[in-house]
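According to full-length UniProt numbering, the sequence shown is numbered sequentially starting from 1. To keep things clear, I will list the structure first and then write my remarks on it.
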Amino acid sequence: MSASPVTLPPLPYWDQTPDDLPAAIREIKAALRARIAASGRTVEQVFKVVEDGIRAEVEQTTAARRNGEPIWPVIDYADIAAGTVSAEQVAQLRRRGCLVVRGHFERDQALAWDREIVEYVESNDFFADYRGPGDDFFGSVGSKPEIYPIYWSPAQMQARQSDRMARVQAFLNRQWTYAADGVQWFDPDRDSLYPDRIRRRPPGTNSGGLGAHLDPGTLDLWMTRSSQKAFAHLFDGTVEQYDPWQAAHRTVGKQYPGSTMCSAFRTFQGWTALSDMDHDQGVLHTVPITGAMAYLMLRPLLPDVPDDDMCGVTVNQVFPVSEKWHPLLIDALTGIPDVKAGDSVWWHCDMIHSVAPVTDQQGWGNVIYIPAAPWCPRNEEYAAQVRDAFFTGSSPSDFPDEHYERTWANRFSPDDLNHTGRRGLGLDQGVR
């Protein structure tokens with residue numbers, strides 16, 4: 001006779017931010033430890049499985065970096081458009097969780113967008129009106145400004161709704177398992193047109209960079225019912241079955257509200273280069289290990305972490321990754337290669353990333369932030385708020401209430417939306 005399946009104790013959950021955070025942290029940590037113990041394994045045993053796998057990846061990454069071998073996968077846009085990306089390239093993308101798309105847009109197009117953004121903000125006296133950073137996070141770079149709280153320029157919207165962007169987003173979305181348990185969790189071929197800001201960093205800049213962090217959530221990753229389902233294998237004794245490319249339950253829950261939250265589900269975060277950037281000029285770094293999230297989620301359960309602490313994770317701040325709690329992961333931070341205007345850069349939504357500091361930057365460092373945020377219940381709900389912001393020229397609700405563009409007559413017009421743009425805002429429901 002086969003053994004009866006073990007019944008694991010249920011987890012408490014808080015689908016709204018708990019009133020007493022320290023008490024909730026103590027309660028969820030005790031419950032997670034008890035659930036793992038009921039599976040017949042200890043937290044230490046489960047964590048060692050994860051740590052051993054991560055350590056091997058870190059050692060391979062750091063050795064390759066010392067030897068001057070490329071870490072970031074690079075795929076030509078032409079191969080994505082033609083469907084000729086090799087199986088080896090796909091395997092490397094799925095292993096590393098990050099990607100540079102060469103020639104995503106024609107170089108002349110990207111440079112033209114860069115000029116048009118300057119004309120857009122200057123024609124509306126943005127620099128005279130600029131009131132300083134609207135949030136604490138990007139304010140830390142010391143820019144004047146570096147991150148422009150601009151969302152509705154023609155250049156940004158043209159890039160978001162372009163066929164070339166849609167093809168790359170669909171390619172990336174399809175790296176995920178988006179249908180499971182009898183549910184299609186998102187539509188890989190329809191993006192929700194998530195609006196974000198731009199960065200323009202001029203030559204000669206001194207920038208403090210951004211510390212290592214990730215953006216899929218904070219305490220909600222352990223505490224909400226949907227996240228507990230999404231990360232169930234980490235907490236039920238089957239950690240070997242954890243799949244960072246599984247979308248089940250990730251597209252229905254929300255992050256806890258906060259100044260750095262993202263209301264949308266993004267398969268990949270990303271940006272499109274509007275200037276050439278060398279790899280040593282204050283660029284993006286990632287820990288190119290897709291399974292690192294398992295390490296981050298289990299690390300607070302070890303006995304050296306105080307019972308009311310999640311390794312520094314709390315609400316209203318990004319999810320920090322630090323030398324104190326995660327030194328193994330920090331060792332693997334690896335910067336992007338040189339990129340040209342028109343290339344795009346992508347990283348899995350759970351991926352640890354940072355921006356290196358720079359002194360006396362050589363050349364411009366200009367990007368439009370555009371992620372892959374496929375159509376799903378969570379993104380459809382946020383799209384209604386995005387539509388309102390678009391029609392009024394307001395800052396989207398995920399971002400500080402700055403609203404510079406409300407009176408700008410030359411912002412992108414609803415009449416200029418194509419079918420992809422209309423679908424991304426929830427205005428058209430039809431097929432591509």
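Where is the CB? At the ideal position from N, CA and C, for every residue including glycine. For clarity, every value in this text was computed on a predicted model and none was experimentally measured.
Under three-state DSSP, which class holds residue i?
i	result
Asp415	helix
Asp398	coil
Asp201	The residue you asked about is not Asp; residue 201 is Arg in the sequence shown. Strand.
His353	strand
residue 433	The requested residue 433 is not part of the displayed model; the chain covers only 1 to 432.
Asp76	strand
Phe268	strand
Tyr369	strand
Ser86	coil
Leu427	coil
His233	helix
Ala112	helix
Tyr13	coil
Ala409	coil
Trp222	helix
Asp129	helix
Tyr194	coil
Tyr256	coil
Leu302	coil
Leu93	helix
Leu296	helix
Asp388	helix
Phe105	coil
Pro327	helix
Asp135	Note that Asp135 scores a pLDDT of 47, beneath 50, so its modelled location is shaky; the value from the coordinates is reported in the next line. DSSP places Asp135 in coil when its eight states are reduced to three.
Is there a Cβ of chain C sitting closer than 9 Å to that of residue i, yes or no?
i	result
Leu284	Included in the structure is just one protein chain, with no chain C present.
Measuring alpha carbon to alpha carbon, tell me which residue in the options is nearest residue i.
i	options	result
Asp52	Leu93, Tyr295 and Thr62	Tyr295
Val252	Pro244, Thr272, Trp185 and Gly204	Trp185
Gly204	Gly363, Leu329 and Arg131	Gly363
Val90	Phe171, Glu122 and Gln16	Phe171
Phe235	Ala23, Ala24, Gln16 and Glu44	Glu44
Ile25	Thr218, Pro133 and Arg65	Thr218
Val386	Ile368, Gly421, Glu119 and Asp307	Gly421
Val85	Ile71, Pro70 and Arg102	Arg102
Leu298	Leu21, Ala30 and Leu427	Ala30
Gly335	Gly282, Pro306 and Gln60	Gly282
Gln241	Val50, Gln158 and Arg201	Val50
Asp19	Asp428, Val315, Asp388 and Ile147	Val315
Ala312	Asp243, Tyr369, Leu214 and Val239	A small fix is needed here, since residue 312 is Gly in this sequence, not Ala. Of the listed residues, the one whose Cα sits closest to Gly312 is Leu214.
Glu380	Asp191, Ile71, Leu21 and Glu146	Asp191
Ser322	Pro303, Pro244 and Ile352	Ile352
Pro300	Arg33, Ala23, Asp129 and Ser397	Arg33
Met293	Leu417, Asp308 and Cys349	Cys349
Ala82	Arg167, Pro202, Gln92 and Met157	Arg167
Can you tell me which residues form a DSSP beta bridge with residue i?
i	result
Asp307	Partner(s): none; Asp307 has no beta bridge.
Val339	Met277
Asp187	Trp375
Gln246	Thr177
Pro320	His213
Cys98	Trp347
Thr334	Thr286
Ser207	Val358
Ile147	Arg199
So, are the CB atoms of residue i and residue j less than 9 Å apart?
i	j	result
Ile150	Tyr382	no
Thr224	Gln317	no
Tyr256	Ala373	no
Trp325	Ile28	no
Phe105	Tyr77	yes
Lys229	Asp276	no
Leu333	Ile54	no
Ser395	Val100	no
Pro320	Gly211	yes
Ser354	His249	no
Arg94	Gln175	yes
Asn366	Ile198	yes
Val58	Asp331	yes
Gln269	Trp375	no
Asn173	Val358	no
Thr392	Asn124	no
Ile117	Ser153	yes
Ala264	Pro133	no
Leu274	Trp14	no
Pro288	Thr61	yes
Asp220	Thr42	no
Pro12	Ala38	no
| message | Give the list of continuous alpha helix (DSSP H) stretches no shorter than 4 residues that lie fully inside the region 21-72. | response | 21-38 and 43-66
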